[in-house]
Structure formats: C-alpha cells, structure tokens
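Enquirer:
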Amino acid sequence: MSKQDDTDPFPVPQPGSVFEDGFSSESELLSSTVGPEFLRAFVVTLKDAVDVDMVAISELRIMEEERIHVLAGQMDETDLADFEYDACVTPCFEVIKGANPVVVHGNAQSAYPKDDFFQEQGIRSYAGVPLLSQHGEIAGLVQLAWRHETTDAETQPILDVIADYSKRLASELENLHATRILAALARGSEEPGSTGIFRLIAQQMQQAFKARTVFVAECSPVSDQHFNILAYCNGGTLVSELEGQAVPYEGTPCEHLASAQEFRLQTGLADAFPMQPHFRAEGLDSYLGVRIDDHSGKAIGHFAIQHDHPISTRKFETDLLRIFTDRFGSELRRRKADQ
Numbered sequence: 003m004s005k006q007d008d009t010d011p012f013p014v015p016q017p018g019s020v021f022e023d024g025f026s027s028e029s030e031l032l033s034s035t036v037g038p039e040f041l042r043a044f045v046v047t048l049k050d051a052v053d054v055d056m057v058a059i060s061e062l063r064i065m066e067e068e069r070i071h072v073l074a075g076q077m078d079e080t081d082l083a084d085f086e087y088d089a090c091v092t093p094c095f096e097v098i099k100g101a102n103p104v105v106v107h108g109n110a111q112s113a114y115p116k117d118d119f120f121q122e123q124g125i126r127s128y129a130g131v132p133l134l135s136q137h138g139e140i141a142g143l144v145q146l147a148w149r150h151e152t153t154d155a156e157t158q159p160i161l162d163v164i165a166d167y168s169k170r171l172a173s174e175l176e177n178l179h180a181t182r183i184l185a186a187l188a189r190g191s192e193e194p195g196s197t198g199i200f201r202l203i204a205q206q207m208q209q210a211f212k213a214r215t216v217f218v219a220e221c222s223p224v225s226d227q228h229f230n231i232l233a234y235c236n237g238g239t240l241v242s243e244l245e246g247q248a249v250p251y252e253g254t255p256c257e258h259l260a261s262a263q264e265f266r267l268q269t270g271l272a273d274a275f276p277m278q279p280h281f282r283a284e285g286l287d288s289y290l291g292v293r294i295d296d297h298s299g300k301a302i303g304h305f306a307i308q309h310d311h312p313i314s315t316r317k318f319e320t321d322l323l324r325i326f327t328d329r330f331g332s333e334l335r336r337r338k339a340d341q
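In this text, residue positions in the sequence shown follow our numbering: the first is 3, and each later residue adds one.
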C-alpha cells in the first residue's frame with residue numbers, strides 16, 4: 003500500500019494558539035464521532051471555545067426557493083436542530099450563491115433588514131462558510147452570529163478552524179443526505195399502485211441531486227413519437243396535472259435518447275432547444291436524460307434531471323445515480339409486464 007493510501011482523509015488540525023484551551027482539546031471527541039453526533043459535537047465544541055452567540059451547521063435544499071435545513075446548532079444554551087427557512091433574505095443566500103465565506107462585522111441588522119432572526123435576536127455580526135461536496139457543489143454551510151461587533155482578528159482564526167474541518171463536515175452532510183434518500187427508496191411509497199412509487203422516485207431524485215426539476219416517463223404505447231410523463235417534481239413539489247401528459251420527442255433534449263443511453267447538457271439548455279420556451283421562462287440551464295430499456299434492449303422510458311445552473315458532470319458518475327436508474331428501470335419493467 004502506498005504512503006498516500008495510509009493518509010487520513012480527515013486529519014485532525016494541529017492546535018492553534020486561539021484554540022489550545024478550547025477547540026483543539028476536544029479533537030479526540032470529534033475524531034471518534036460520526037453523522038449527527040459529529041455535527042452536534044462540532045457545534046458544541048466550537049461554541050464553547052469562542053465567544054459566539056449562535057453556531058449552526060445546515061444543508062442546502064433546492065425547493066421552489068433555496069432553503070436551509072439546520073441539522074445541528076446552538077443559540078445561547080438552546081439547541082437548534084431540524085428546521086428549515088427560506089434563504090433568499092438572509093446572508094446565507096450569498097454564501098451558497100457565491101460559494102465563498104461571508105463576514106459581516108457590525109451592521110448585520112441594517113444589511114439584512116428582512117432577516118427576522120437578526121432583528122428579533124439583536125444580531126450585529128455574522129459569518130457563514132460554505133461546505134463544498136466532493137463534486138465542488140454547495141452541500142451546506144456553517145454559520146455563526148454575535149450580538150456584538152466583531153473584527154477580523156476575532157473571526158479569522160474561527161474561519162480557519164472551520165476551513166480545516168470543512169471537508170469532513172461536507173462529507174458528513176453528503177452521507178446523511180444519501181442515507182435519507184436510500185431509506186426513503188427502501189421504505190417505498192404508501193400510495194397504492196405504481197403511481198406512488200414513480201412519484202417517490204421523482205421526489206427523491208430531485209432531492210438527491212439538488213436539481214430544480216425531475217420527471218420520469220414511459221414511451222407512449224400508442225405513438226413512438228411521444229412519451230408519457232409518469233411523475234414530475236418541480237422544486238420539491240409534485241405537479242400532478244402533468245402526470246399522464248403525452249409529450250412529443252421532437253424539439254426536446256429527450257429526443258437524443260432515441261440513439262443514446264443518456265444525454266447530457268451542462269449549460270445552455272434554452273438556447274439549444276428554442277422550441278421549449280418553458281426552459282427559458284423557468285431558467286432551466288442544464289439537463290441529464292437517461293434511457294430505460296426492457297430486457298431485450300428496447301426503450302421503454304426515461305428520466306430527466308433539469309437544473310437552473312450547470313451541474314457538475316462528476317455528480318452524474320455516482321452510485322446514487324445508478325441506484326435510481328436501477329430502481330426506476332425495475333419499476334418500469336414491472337409496469338410494462340403487468341400491462
């Protein structure tokens with residue numbers, strides 16, 4: 003085994019002078035925990051080590067608007083966990099959109115007048131650090147808030163420590179995210195019949211890839227020029243009125259699946275397919291379509307993932323995508339057999 007193979011992928015950062023008596027002394031506890039316990043231990047350790055009123059670790063969810071789902075946090079001595087809020091009027095929106103830290107040293111309330119949390123809690127200073135997935139996309143963020151003015155000298159050592167742990171934090175967020183998706187697929191749908199499972203697959207796929215829209219479809223039994231939508235999820239919401247709708251292949255990116263097992267367009271979706279005005283109206287920019295075949299190799303359907311900004315190609319080279327492909331393929335072949 004090479005020396006590189008022996009390297010700890012999440013090394014414990016070396017103590018710095020600011021945290022020698024606080025954060026760094028708890029590194030053994032952090033290295034021995036995983037999942038939600040690790041996130042909570044990180045929050046508690048960081049809050050105990052520095053003079054800060056709030057610390058939270060959250061994941062990004064793509065719904066109708068970007069939403070922040072708090073997984074672990076503390077405000078004063080009260081635990082914060084498992085709640086969501088819209089990001090659009092908060093500084094965390096700048097963190098996730100810019101994928102860079104945002105620090106506000108003393109005018110947080112005036113800078114974000116619509117942030118109710120800042121107004122109600124008297125927050126004057128803020129710091130947010132993005133957590134990037136292995137594909138370079140936003141998985142979540144760490145946030146800190148103070149009721150007093152801060153300085154670079156106070157916040158920079160804290161940001162440095164978070165940066166040291168950011169890879170581990172992002173990995174834990176991704177693992178928790180994947181675990182929830184797989185658990186939902188394993189439980190299946192409570193709705194009777196195939197409609198429920200196709201809805202579940204579309205919803206979970208939209209959450210898994212943090213995409214704006216996902217739909218699953220079958221080839222039309224009456225026309226090889228059309229496909230029928232089985233389930234459509236837009237921003238976390240099922241659009242039931244589209245279920246059963248026949249859509250022509252012509253002029254859509256799905257048309258390419260007639261000759262290819264999959265078709266990807268990382269950006270420029272609206273320009274590439276001008277016959278689909280809703281791409282531009284909805285701001286959809288990227289596309290992945292995967293064809294599903296029966297056991298003889300004949301196409302029987304496909305699914306499509308569409309987003310409003312480019313999605314990393316590496317994100318589509320994952321076991322999770324293969325799991326969705328296999329599950330949808332299995333359910334679609336079963337549906338065809340029943341018919």
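Think of the CB as a built atom: it goes at the ideal place given N, C-alpha and C, for glycine as much as any other residue.
Quick check on the burial criterion: 16 or more other C-beta atoms within 10 angstroms. Buried or exposed for Lys-49?
Expert: Here residue 49 is taken as the residue at index 47 of the sequence shown, counted from 1. Per the 10 Å Cβ criterion, buried.
Enquirer: Apply the 10 Å Cβ neighbour rule to Val-224 and answer buried if 16 or more other Cβ atoms are within range, or exposed otherwise.
Expert: By 1-based counting over the sequence shown, the position of residue 224 is 222. Val-224 is exposed by the Cβ-count criterion.
Enquirer: Buried or exposed: Gly-1, going by 16 or more other Cβ atoms within 10 Å of its Cβ?
Expert: Outside the displayed range of the chain (3 to 341) lies residue 1, so it cannot be described from this structure.
Enquirer: Quick one: measure Cβ to Cβ for Ser-314 and Gly-138, integer angstroms, because I've assumed they're closer than 8 Å.
Expert: Against the sequence shown, residue 314 aligns to sequence position 312. Against the sequence shown, residue 138 aligns to sequence position 136. The pair is a contact, with the Cβ atoms about 6 Å apart (cut-off 8 Å).
Enquirer: Using the beta-carbon count (16 or more within 10 Å), is Phe-211 buried or exposed?
Expert: Position 209 of the sequence shown, counted from the start, is the residue given in the question as residue 211. Answer is buried; the Cβ neighbour count reaches 16.
Enquirer: Report the rounded CA-to-CA distance for Tyr-114 versus Pro-93, giving the unit in angstroms.
Expert: Counted from its first residue, the sequence shown places residue 114 at position 112. Counted from its first residue, the sequence shown places residue 93 at position 91. Their Cα atoms are separated by approximately 7 Å.
Enquirer: Looking only at DSSP bridge pairs, what is Pro-132 linked to?
Expert: Indexing the sequence shown from 1 puts residue 132 at position 130. Its beta-bridge partners are Leu-143.
Enquirer: Name, in chain order, the residues that DSSP records as bridge partners for Gly-75.
Expert: As a working note, residue 75 is residue 73 in the sequence shown. According to DSSP, which records beta bridges pairwise, Gly-75 is partnered with Ala-58, Leu-82.
Enquirer: Does the beta-carbon distance from Gln-76 to Val-105 come in below 8 Å?
Expert: Your numbering for residue 76 matches position 74 in the sequence shown. Your numbering for residue 105 matches position 103 in the sequence shown. Cβ atoms of Gln-76 and Val-105: not closer than 8 Å.
Enquirer: Cβ of Val-216 within 8 Å of Cβ of Ile-307?
Expert: Here residue 216 corresponds to residue number 214 of the sequence shown, with the count starting at 1. Here residue 307 corresponds to residue number 305 of the sequence shown, with the count starting at 1. Result yes, Cβ atoms of Val-216 and Ile-307 sit closer than 8 Å.
Enquirer: Note down, in chain order, each residue of its chain lying with its Cβ closer than 7 Å to the Cβ of Phe-281, except the 5 sequence neighbours on either side.
Expert: Within the sequence shown, residue 281 is the residue found at index 279, counting from 1. The residues are Leu-271, Ala-272, Phe-275.
Enquirer: Among Leu-161, Ala-74, Val-163, Ala-141, whose alpha-carbon lies nearest the alpha-carbon of Ala-180?
Expert: Numbered from 1 along the sequence shown, position 178 holds the residue referred to as residue 180. Nearest of Leu-161, Ala-74, Val-163, Ala-141 to Ala-180, Cα basis: Ala-141.
Enquirer: Output the distance between the C-alpha atoms of Thr-239 and Gln-205, rounded to the nearest integer angstrom.
Expert: Position 237 of the sequence shown, counted from the first residue, corresponds to residue 239. Position 203 of the sequence shown, counted from the first residue, corresponds to residue 205. Near 8 Å, if we compare the C-alpha coordinates of Gln-205 and Thr-239.
Enquirer: Contact between the region 323 to 335 and the region 287 to 300 is defined here as three or more beta-carbon pairs at a separation below 8 Å; is this criterion met?
Expert: The region 323 to 335, when compared against the region 287 to 300, does touch it at the 8 Å Cβ threshold.
Enquirer: Between the C-alpha atoms of Ser-196 and Ala-188, what's the straight-line distance to the nearest angstrom?
Expert: Mapped onto the sequence shown, residue 196 falls at position 194. Mapped onto the sequence shown, residue 188 falls at position 186. Each residue's alpha carbon lies about 15 Å from the other.
Enquirer: On the CB-based measure, 16 or more other CB atoms within 10 Å of its CB, does Phe-1 come out buried or exposed?
Expert: Look at the range of the chain in this structure, 3 to 341, and you will see that residue 1 is not part of it.
Enquirer: Is the CB-CB distance between Pro-255 and Leu-267 below 8 Å?
Expert: If you number the sequence shown from 1, residue 255 lands on position 253. If you number the sequence shown from 1, residue 267 lands on position 265. Their beta carbons are under 8 Å apart, which means Pro-255 touches Leu-267 by this criterion.
Enquirer: Along the chain, where does the alpha helix (DSSP H) containing Ala-306 start, and where does it finish?
Expert: Here residue 306 refers to the residue found at position 304 when the sequence shown is read from its first residue. Premise fails: Ala-306 lies in the beta strand (DSSP E), 301 to 309, not in any alpha helix (DSSP H).
Enquirer: For the alpha helix (DSSP H) that Thr-327 lies in, which residues bound it at each end?
Expert: Reading the sequence shown from its first residue, position 325 is the one you call residue 327. First-last of the alpha helix (DSSP H) with Thr-327: 321 to 340.
Enquirer: Identify whether Phe-275 lies in helix, strand or coil by the three-state DSSP scheme.
Expert: Here residue 275 corresponds to residue number 273 of the sequence shown, with the count starting at 1. Residue state, collapsed to three classes: coil.
Enquirer: Report yes if the C-beta distance between Pro-132 and Leu-143 is below 8 Å; otherwise report no.
Expert: Counted from its first residue, the sequence shown places residue 132 at position 130. Counted from its first residue, the sequence shown places residue 143 at position 141. Yes. Within cutoff.
Enquirer: Under three-state DSSP, which class holds Cys-94?
Expert: Translated into the one-based positions of the sequence shown, residue 94 becomes position 92. If DSSP states are grouped into helix, strand and coil, Cys-94 belongs with the helices.
Enquirer: Helix or strand or just coil, what does DSSP make of Arg-63?
Expert: For this step, residue 63 is matched to residue 61 along the sequence shown. Strand, per DSSP.
Enquirer: Taking its Cβ as the centre, do 16 or more other Cβ atoms sit within 10 Å of Asp-23, making it buried, or is it exposed?
Expert: Translated into positions along the sequence shown, residue 23 becomes position 21. For Asp-23, the predicted structure reports a pLDDT of 49, less than 50, and the residue's modelled location is therefore unreliable. The matter cannot be settled from this model.
Enquirer: Taking just the CA atoms, how far does Glu-156 sit from Ala-213?
Expert: Walking along the sequence shown from the start, residue 213 turns up at place 211. Walking along the sequence shown from the start, residue 156 turns up at place 154. Near 37 Å, if we compare the C-alpha coordinates of Glu-156 and Ala-213.
Enquirer: With a threshold of 6 Å on Cβ separation, who are the neighbours of Leu-146 within its own chain once the five nearest residues in sequence on each side are excluded?
Expert: For the purposes of this step, residue 146 is taken as residue 144 along the sequence shown, with counting starting at 1. Hits under 6 Å: Val-54, Val-57, Ala-129.
Enquirer: Buried or exposed: Gly-303, going by 16 or more other Cβ atoms within 10 Å of its Cβ?
Expert: Reading the sequence shown from its first residue, position 301 is the one you call residue 303. With 16 or more other Cβ atoms within 10 Å, it is buried.
Enquirer: Ala-83 to Gln-121, Cα distance in whole Å?
Expert: Taking the sequence shown and counting its residues from 1, one reaches residue 83 at position 81. Taking the sequence shown and counting its residues from 1, one reaches residue 121 at position 119. Distance between the alpha carbons of Ala-83 and Gln-121: 20 Å.
Enquirer: State the DSSP-derived secondary structure class of Ile-164, mapped to helix, strand or coil.
Expert: In the sequence shown, counting from the first residue as 1, residue 164 sits at position 162. In this structure, Ile-164 counts as helix in the three-state DSSP scheme.
Enquirer: Can you tell me whether Asp-296 is helix, strand or coil according to DSSP?
Expert: Start at 1 with the first residue of the sequence shown, and residue 296 comes out as number 294. If DSSP states are grouped into helix, strand and coil, Asp-296 belongs with coil.
Enquirer: Taking Val-46 as part of the alpha helix (DSSP H), name the residues at either end of that continuous run.
Expert: One-based indexing of the sequence shown puts residue 46 at position 44. Start and end: 37 to 51.
Enquirer: So, for Leu-323: in the same chain, excluding its five sequence neighbours on each side, which residues have a beta-carbon less than 7 Å away from its beta-carbon?
Expert: Position 321 of the sequence shown, counted from the start, is the residue given in the question as residue 323. For Leu-323, where only same-chain residues beyond five positions count, there are no Cβ hits under 7 Å.
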